[in-house]
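Numbering (our numbering), first residue to last: -12 to 421. The beta carbon of each residue, even a glycine, is placed where N, CA and C say it ideally should be. Down below is the structure, laid out as structure tokens.
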């Protein structure tokens, strides 16, 4: 089909007429609008009379509570629930609002916020070179803002930062040191047995806290049926705040308040769900996962993998009680402890693995027989041999001695890829397998 010259000329005229129109959608330039938006955001930050409650959700997981008070001289004062020091002592640093690909809030001097992103794993127990995969530069999205709430997304790791206006009482609580009092909750780690329970009203919960991942897991029995609930948490001057509430029949728990700690009796108390309770120790799970021990053993066989631990056994409140991290093979350093099921039809492998700067290798280790799985959910290990020449004393010998305890172990699945293996004798010893 052909288009006539006259028709083409008409289309061209219309096109150029449209192109040369002088009307604009906006009365101001993009730069003027952007600068006005940045000024508006800064005004909102600064003019909150009592500052901002804040929660950051790092890209690596978890949740952390903060308090920010911004001024009009690009300074911000903050508290953080990361440590006793950051909860009790305010820290001032600088901030700025800047037009990048989107309007951005940047904390540009080292602050409590930067601690989460610090690449030195010794600072935050994160990943070497990445920290907790958090951020200190955040993009602002206008549709996520209200008068009392501002939400941001980290520019590098997509951390979420949510600010809500603080009340006068909340601001006073931070300056009075109440956030530091909430950190008394961390003393739950001082209970020596692995299993801990608290009764709140008519309900008894087994409570498992992962302070690194910032999660709380609650397990209870509905009749004879076990129920579990897991949520991230952060700390505020009022106590422990759950990211998601637990609803158990008529009881709703949004967190724990009124936290108390008695160091003499090693007792942690708190309120939740309209009741107050004290955490007590237990020597076995409130509900045993009868299939967990065999599932733990079979998983590497089916996947062709193994289980690894960076620190060996925790015993009587002491991490790496046998000092496996100090093991050496000549000049080669310790890499991890391994349990590999099904090395042969006759035995498994339980051994330290070493690193020589180029590769990992096995020097010596124990060869337990495939475990016996009991009807009450335990795995019991027994010796079937050894590999190499094992030192007669020290970390490897002590680790095997505990492994072969005739009481055996309960296997507690803590995630899709992790288990805790807990002594069935007294629950005072355990090892985390990943």
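Compare the beta carbon distance of residue i and residue j with 9 Å and say whether it is the shorter of the two.
i, j, result
"residue 352", "residue 375", "yes"
"residue 336", "residue 368", "no"
"residue 136", "residue 154", "no"
"residue 226", "residue 210", "no"
"residue 325", "residue 294", "yes"
"residue 276", "residue 364", "yes"
"residue 308", "residue 300", "yes"
"residue 328", "residue 370", "no"
"residue 186", "residue 205", "no"
"residue 67", "residue 53", "yes"
"residue 167", "residue 74", "yes"
"residue 274", "residue 208", "yes"
"residue 372", "residue 354", "yes"
"residue 28", "residue 132", "yes"
"residue 284", "residue 362", "no"
"residue 235", "residue 214", "yes"
Which word fits residue i, buried or exposed, when buried means at least 16 other C-beta atoms lie within 10 angstroms of its C-beta?
i, result
"residue 160", "buried"
"residue 348", "exposed"
"residue 90", "buried"
"residue 104", "buried"
"residue 157", "buried"
"residue 292", "exposed"
"residue 116", "exposed"
"residue 219", "buried"
"residue 346", "exposed"
"residue 128", "exposed"
"residue 19", "exposed"
"residue 35", "buried"
"residue 304", "exposed"
"residue 250", "exposed"
How many whole angstroms separate the CB atoms of residue i and residue j, which I take to be in contact at a CB cut-off of 8 Å?
i, j, result
"residue 184", "residue 191", "6 Å"
"residue 98", "residue 78", "6 Å"
"residue 51", "residue 201", "7 Å"
"residue 268", "residue 180", "4 Å"
"residue 270", "residue 413", "6 Å"
"residue 279", "residue 400", "5 Å"
"residue 323", "residue 314", "At roughly 10 Å, the Cβ-Cβ gap does not stay under 8 Å, so residue 323 and residue 314 are not in contact."
"residue 169", "residue 224", "6 Å"
"residue 106", "residue 193", "Wrong, their Cβ atoms sit about 36 Å apart, outside the cutoff."
"residue 302", "residue 388", "Their Cβ separation, rounded to whole angstroms, is 11 Å, which puts residue 302 and residue 388 out of contact at 8 Å."
"residue 407", "residue 419", "5 Å"
"residue 141", "residue 47", "About 11 Å separates the two Cβ atoms, so there is no contact after all."
Here's a check: name, in chain order, each residue in its chain whose Cβ is nearer than 7 Å to the Cβ of residue i, leaving out the five neighbours to either side.
i, result
"residue 26", "none"
"residue 199", "112"
"residue 61", "81, 82 and 83"
"residue 188", "238, 260, 261 and 262"
"residue 385", "309"
"residue 410", "392, 394, 396, 416 and 417"
"residue 252", "none"
"residue 87", "none"
Less than 6 Å between C-beta atoms, sequence neighbours within five positions excluded: which residues of the same chain meet that for residue i?
i, result
"residue 241", "229 and 232"
"residue 64", "56, 77 and 79"
"residue 343", "319"
"residue 178", "268"
"residue 148", "43, 125 and 139"
"residue 114", "none"
"residue 255", "174, 175, 248 and 266"
"residue 59", "33"
"residue 100", "94 and 123"
"residue 421", "295 and 405"
"residue 377", "351 and 383"
"residue 143", "122"
Just to confirm my understanding: we take residue i, look at its own chain, exclude 5 residues before and 5 after, and list those with CB closer than 8 Å. What are they?
i, result
"residue 93", "82, 83, 84, 85, 123, 124 and 125"
"residue 182", "193, 268, 269, 270, 271, 272, 273, 409 and 414"
Practice item. Only counting runs of 3 or more residues, tell me where the beta strand (DSSP E) segments fall wholly within the region 317 to 351, in order along the chain. Key: Segments of the beta strand (DSSP E) lying fully in the region 317 to 351: 319 to 327, 336 to 342 and 347 to 349.
Review point. Can you list the beta strand (DSSP E) stretches of 3 or more residues lying completely in the region 242 to 289, in chain order?
Key: Listed in chain order, they are 254 to 259, 262 to 265 and 267 to 269.
**Study point:** Segments assigned alpha helix (DSSP H), at least 4 residues, entirely inside the region 21 to 89
**Key:** Within the region 21 to 89, the complete alpha helix (DSSP H) runs of at least 4 residues are 71 to 75.
Point to revise | Start-end ranges of the beta strand (DSSP E) lying completely within the region 168 to 234, minimum 3 residues | key: Secondary structure in the region 168 to 234: the beta strand (DSSP E) runs of 3 residues or longer, each lying completely within the stretch, are 182 to 187, 190 to 197, 202 to 209 and 212 to 223 in chain order.
**Study point:** Contiguous beta strand (DSSP E) assignments of at least 3 residues, all confined to the region 384 to 418
**Key:** DSSP runs (the beta strand (DSSP E)) wholly in the region 384 to 418: 396 to 402 and 405 to 410.
Check your understanding: Taking the runs of the beta strand (DSSP E) that are 3 residues or longer, which of them lie wholly in the region 92 to 145?
Key -> Listed in chain order, they are 124 to 127 and 136 to 141.
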